[in-house]
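Enquirer: Sharing a structure here in structure tokens format.
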DNA sequence: TAGTGGTCTAGACCACTCT
DNA sequence: GAGTGGTCTAGACCACTAG
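Here it is, written out as structure tokens:
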């Protein structure tokens with residue numbers, strides 16, 4: 001009966017909506033402003049609320065929107081460039097154009113036998129004691145990442161053997177000791193990787209986000225003379241972070257707005 | 001009337017489901033196997049199909065599952081480690097433990113005036129001609145990334161002035177010329193960044209994925225003597241890629257399974 | 001043709017924030 | 001209490017793949 005065009009893979013409604021919304025918010029809204037609520041938008045576009053939400057989900061994943069329960073949906077600020085650098089413990093590693101005021105805040109410091117997985121990754125016998133420092137990376141007053149730094153006992157033999165410090169300033173001191181010892185080793189190589197993940201319950205809480213929040217999982221292997229001495233597992237908030245791996249001091253030109261260029265083509 | 005506990009922020013059903021499913025598939029399934037279909041799973045767990053799908057969405061985002069229309073839901077293979085390295089044009093940049101057989105396949109090569117956004121990012125006057133090479137990164141026979149390499153005309157003045165080559169081997173040659181000229185410049189610095197994004201229509205097609213697919217957007221600024229000479233915008237499939245930024249030749253120990261360690265804690 | 005995942009709907013209720 | 005986003009349901013239909 002004359003089907004007209006060959007279908008041409010009809011674009012899903014939610015995807016079309018996302019595009020329309022993106023154009024709208026770029027043209028008519030600015031950072032921090034709240035857009036109309038979901039029920040109104042879904043009515044305005046003549047779709048079910050679930051469909052509208054699918055479109056908003058996309059834009060949130062792209063870091064263009066932030067949704068706050070009880071408040072509304074806001075235009076997100078551009079992502080913050082965060083250097084993922086060599087210094088193991090250094091508090092501030094500022095690069096021009098990048099985030100200033102980056103600090104680490106220690107959460108935890110425990111020494112415990114390595115799990116099978118962890119031992120494998122560290123290249124040590126299973127069950128060997130590993131010092132684990134958990135800390136948060138705070139940039140411009142906002143918690144951007146949670147990190148677990150694993151250091152096998154054998155790599156930092158000069159650490160005073162404290163049985164089991166937990167809580168208070170004692171734990172903070174313990175964490176500092178581990179970091180200091182690690183720095184003294186003179187790390188001369190590292191291998192970094194980035195992949196997509198989601199924050200689980202505890203991690204999510206540290207990042208002040210709900211479980212399931214997308215994160216960029218950064219794995220850093222620190223080595224001394226070709227021998228692995230530490231493993232850092234960091235999860236960065238994917239909504240607000242742009243990780244930078246600059247060879248500092250060489251180039252550090254204008255921060256590029258990738259989204260704008262990719263879309264503009 | 002005695003409310004019992006202080007609520008304790010009840011875990012959403014879909015999140016609990018995700019955890020249960022994750023444990024199940026880790027224990028009882030292996031890479032490539034298909035798990036029961038959505039209708040059966042939703043019945044088995046006593047939830048609506050939409051709720052089950054929310055759980056599967058999470059696991060897919062984590063790279064644990066792959067869903068294929070008309071086929072079923074499969075256990076995904078572990079992510080492939082892909083070096084994001086310095087060589088501008090080099091075909092294979094293999095690191096031990098990382099992906100071998102990495103090649104680039106040229107798609108496009110056009111010379112056109114820079115858009116405002118692109119000019120800004122390249123630090124050139126708007127409207128200056130820019131050579132853009134689009135190519136795909138193929139690893140182990142699978143398309144993993146799409147890249148747009150932008151080189152301002154002024155950076156590679158020795159390029160033969162071809163008016164507008166499109167299609168066929170001529171375009172391929174043109175692309176090679178641009179890459180060769182760029183290599184001859186002797187790039188001595190670069191700045192890289194990674195952030196989360198989604199693939200739009202055309203890009204998604206190149207990556208053989210539906211629109212909205214999560215990608216890792218890699219931005220590389222190439223410099224010669226402190227001057228920006230090229231800008232590469234690459235989008236890597238977030239489901240299958242783990243990007244590695246190793247200082248090659250120093251360490252390259254066992255590839256770490258971040259997920260396993262993060263979950264095992 | 002049967003079975004799969006993908007999209008969409010209309011409606012309900014909950015958890016949270018602000019006033 | 002009013003308004004917001006977050007979760008969940010039950011059902012429908014579509015697009016794709018396979019035998």
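Protein chains in written order, with the UniProt record's numbering: chain A, 1 to 265; chain B, 1 to 265.
In this text, a Cβ means the ideal position worked out from N, Cα and C, and glycines have one as well.
Remember, predicted model here, so these are calculated numbers, not experimental data.
Tell me the residue span of the beta strand (DSSP E) that contains residue 147 of chain A.
Expert: Element bounds for residue 147 of chain A: 142 to 152.
Enquirer: Check whether the region 152 to 160 of chain A touches the region 189 to 207 of chain A, counting contact only when three or more Cβ pairs, one atom from each stretch, lie closer than 8 Å.
Expert: No, the region 152 to 160 of chain A is not in contact with the region 189 to 207 of chain A.
Enquirer: For chain B, is any of its Cβ atoms less than 9 Å away from the one on residue 155 of chain A?
Expert: Output row for residue 155 of chain A: interface = no.
Enquirer: Distance, Cα to Cα, residue 263 of chain B vs residue 178 of chain B?
Expert: Between residue 263 of chain B and residue 178 of chain B, the C-alpha separation is close to 46 Å.
Enquirer: Which value, in whole angstroms, describes the spacing of the CA atoms of residue 190 of chain B and residue 83 of chain A?
Expert: When rounded, the distance between both Cα atoms is 14 Å.
Enquirer: Whose Cβ in chain A lies nearer than 7 Å to the Cβ of residue 79 of chain B?
Expert: Result: 195.
Enquirer: Any beta-carbon of chain A closer than 9 Å to the one on residue 141 of chain B?
Expert: No - not a single Cβ of chain A is within 9 Å of the one on residue 141 of chain B.
Enquirer: Residue 261 of chain A touches chain B at which residues, Cβ-Cβ below 7 Å?
Expert: Those within 7 Å of residue 261 of chain A in chain B are 117, 118, 121, 233.
Enquirer: Between the region 22 to 40 of chain A and the region 74 to 82 of chain A, do three or more beta carbon pairs fall short of 8 Å?
Expert: The answer is yes - the region 74 to 82 of chain A touches the region 22 to 40 of chain A, with three or more Cβ pairs under 8 Å.
Enquirer: Take residue 92 of chain A and list the residues in its own chain whose beta-carbon comes closer than 8 Å to its own, dropping the five residues that flank it on each side.
Expert: Low per-residue confidence applies at residue 92 of chain A: pLDDT is 42, beneath 50, and the placement is therefore not dependable enough to give any value.
Enquirer: Can you check whether the C-beta of residue 39 of chain B is within less than 9 Å of a C-beta belonging to chain A?
Expert: It does not; no Cβ of chain A falls within 9 Å.
Enquirer: Leaving aside the five residues before and after residue 51 of chain B along the sequence, list all residues of the same chain whose C-beta is less than 8 Å from its C-beta, in chain order.
Expert: The answer, listed in chain order, is 13, 14, 17, 42.
Enquirer: What do you reckon, are the CB atoms on residue 142 of chain B and residue 240 of chain B nearer than 9 Å?
Expert: Contact: yes.
Enquirer: Taking the alpha-carbon positions, what's the residue 261 of chain B to residue 121 of chain A distance?
Expert: Going from the Cα of residue 261 of chain B to the Cα of residue 121 of chain A covers about 9 Å.
Enquirer: Give a single yes or no on whether residue 237 of chain B has its beta carbon closer than 8 Å to a heavy atom of the ligand ZN.
Expert: Absence of the ligand ZN from the depicted structure is noted, as is the absence of any ligand whatsoever, leaving it without description.
Enquirer: Going by DSSP in three states, residue 131 of chain B sits in which element: helix, strand or coil?
Expert: Looking at residue 131 of chain B - three-state DSSP - the assignment turns out to be strand.
Enquirer: How many Å lie between residue 123 of chain A and residue 221 of chain A at the Cα?
Expert: Going from the Cα of residue 123 of chain A to the Cα of residue 221 of chain A covers about 11 Å.
Enquirer: Do residue 215 of chain B and residue 197 of chain B have their C-beta atoms within less than 9 Å of each other?
Expert: Yes, Cβ-Cβ distance for residue 215 of chain B and residue 197 of chain B is below 9 Å.
Enquirer: Got a sec: is the Cβ-Cβ distance from residue 61 of chain B to anything in chain A below 9 Å?
Expert: For residue 61 of chain B, the answer is yes, since a Cβ of chain A falls inside 9 Å of its Cβ.
Enquirer: Leaving aside the five residues before and after residue 283 of chain A along the sequence, list all residues of the same chain whose C-beta is less than 7 Å from its C-beta, in chain order.
Expert: Not covered by the structure: residue 283 of chain A. The range shown for chain A is 1 to 265.
Enquirer: Taking residue 216 of chain B as part of the beta strand (DSSP E), name the residues at either end of that continuous run.
Expert: 214 to 224 is the span of the beta strand (DSSP E), which, as asked, contains residue 216 of chain B.
Enquirer: Does residue 127 of chain B get closer than 9 Å to chain A when you measure Cβ to Cβ?
Expert: Judged by the 9 Å Cβ criterion, residue 127 of chain B is not in contact with chain A.
Enquirer: In this structure, what does DSSP give as the bridge partners for residue 137 of chain A?
Expert: Partner(s): A/104, A/145.
Enquirer: Quick check on the DSSP output: the beta strand (DSSP E) that includes residue 75 of chain A runs from which residue to which?
Expert: Its beta strand (DSSP E) spans residues 72 to 75.
Enquirer: Rounded to a whole number of angstroms, what is the C-alpha to C-alpha distance between residue 235 of chain A and residue 116 of chain B?
Expert: Near 34 Å, if we compare the C-alpha coordinates of residue 116 of chain B and residue 235 of chain A.
Enquirer: Determine the contact status of residue 259 of chain A and residue 63 of chain A, defining contact as a CB-CB distance below 9 Å.
Expert: Yes, the pair counts as a contact, with Cβ atoms nearer than the cut-off.
Enquirer: Where residue 232 of chain A and residue 176 of chain A are concerned, what is the direct C-alpha to C-alpha distance, given to the nearest angstrom?
Expert: Roughly 15 Å separates the two Cα atoms.
Enquirer: If we define contact as Cβ-Cβ less than 9 Å, is residue 241 of chain A a contact residue for chain B?
Expert: It does: the Cβ of residue 241 of chain A has a partner Cβ on chain B nearer than 9 Å.
Enquirer: Give a yes or no on whether the C-beta atoms belonging to residue 65 of chain A and residue 25 of chain A are separated by under 9 Å.
Expert: Yes; because the gap between Cβ atoms is below 9 Å, this pair is in contact.
Enquirer: Less than 9 Å between CB atoms is the rule here; does residue 217 of chain A satisfy it with respect to chain B?
Expert: Residue 217 of chain A counts as touching chain B.
Enquirer: Using a Cβ-Cβ cutoff of less than 8 Å, which residues in the same chain neighbour residue 308 of chain B once the five nearest sequence positions on both sides are dropped?
Expert: In this structure chain B extends from 1 to 265, so residue 308 of chain B is not present and cannot be described.
Enquirer: In this structure, how does DSSP classify residue 186 of chain B when only helix, strand and coil are distinguished?
Expert: Residue 186 of chain B falls in the coil class under three-state DSSP.
Enquirer: Given a cut-off of 9 Å on the beta-carbon distance, is the pair residue 229 of chain B and residue 182 of chain B in contact?
Expert: Yes, Cβ-Cβ distance for residue 229 of chain B and residue 182 of chain B is below 9 Å.
Enquirer: Can you tell me which of the three DSSP states residue 124 of chain B falls into?
Expert: Correct three-state label for residue 124 of chain B: coil.
Enquirer: State the Cα-Cα distance for the pair residue 11 of chain B and residue 219 of chain B, rounded to the nearest angstrom.
Expert: Cα to Cα, residue 11 of chain B sits roughly 37 Å from residue 219 of chain B.
Enquirer: Are residue 23 of chain A and residue 39 of chain A touching if we call contact CB-CB under 9 Å?
Expert: Not in contact: residue 23 of chain A and residue 39 of chain A (Cβ atoms no closer than 9 Å).
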